[in-house]
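In this note's numbering, the protein residues as written are 947 to 1020.
Built from N, CA and C at the ideal position, the CB exists for glycine as well.
Just so we're clear, the structure is a prediction, and the values are computed from it rather than from any experiment.
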């Protein structure tokens, strides 16, 4: 746990993620840094134990919305 905590505080996991993302994008023939992103949202029903929640009138679901941003490779 000590190593995990130290690496987290030093930002090592973010650095590893950034490097792996750049390598993957270059392997796919794209720029190392993403230039476009897609925002998506999903409505999910709430649980009886959950806190405050809203209502999605379009889908007629009472619950929460989850939002996600991804680059063009998903």
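Check, Outcome
"Would you kindly work out how many angstroms separate the C-alpha atoms of residue 951 and residue 961, rounded to a whole number?", "15 Å"
"Rounded C-beta distance between residue 1012 and residue 987? I'm assuming under 8 Å.", "7 Å"
"Between the Cα of residue 1016 and the Cα atoms of 967, 973, 955 and 1010, which residue gives the shortest distance?", "967"
"Pull up the distance between the alpha-carbon of residue 1019 and that of residue 971, whole angstroms please.", "8 Å"
"Would DSSP call residue 1011 helix, strand or coil?", "strand"
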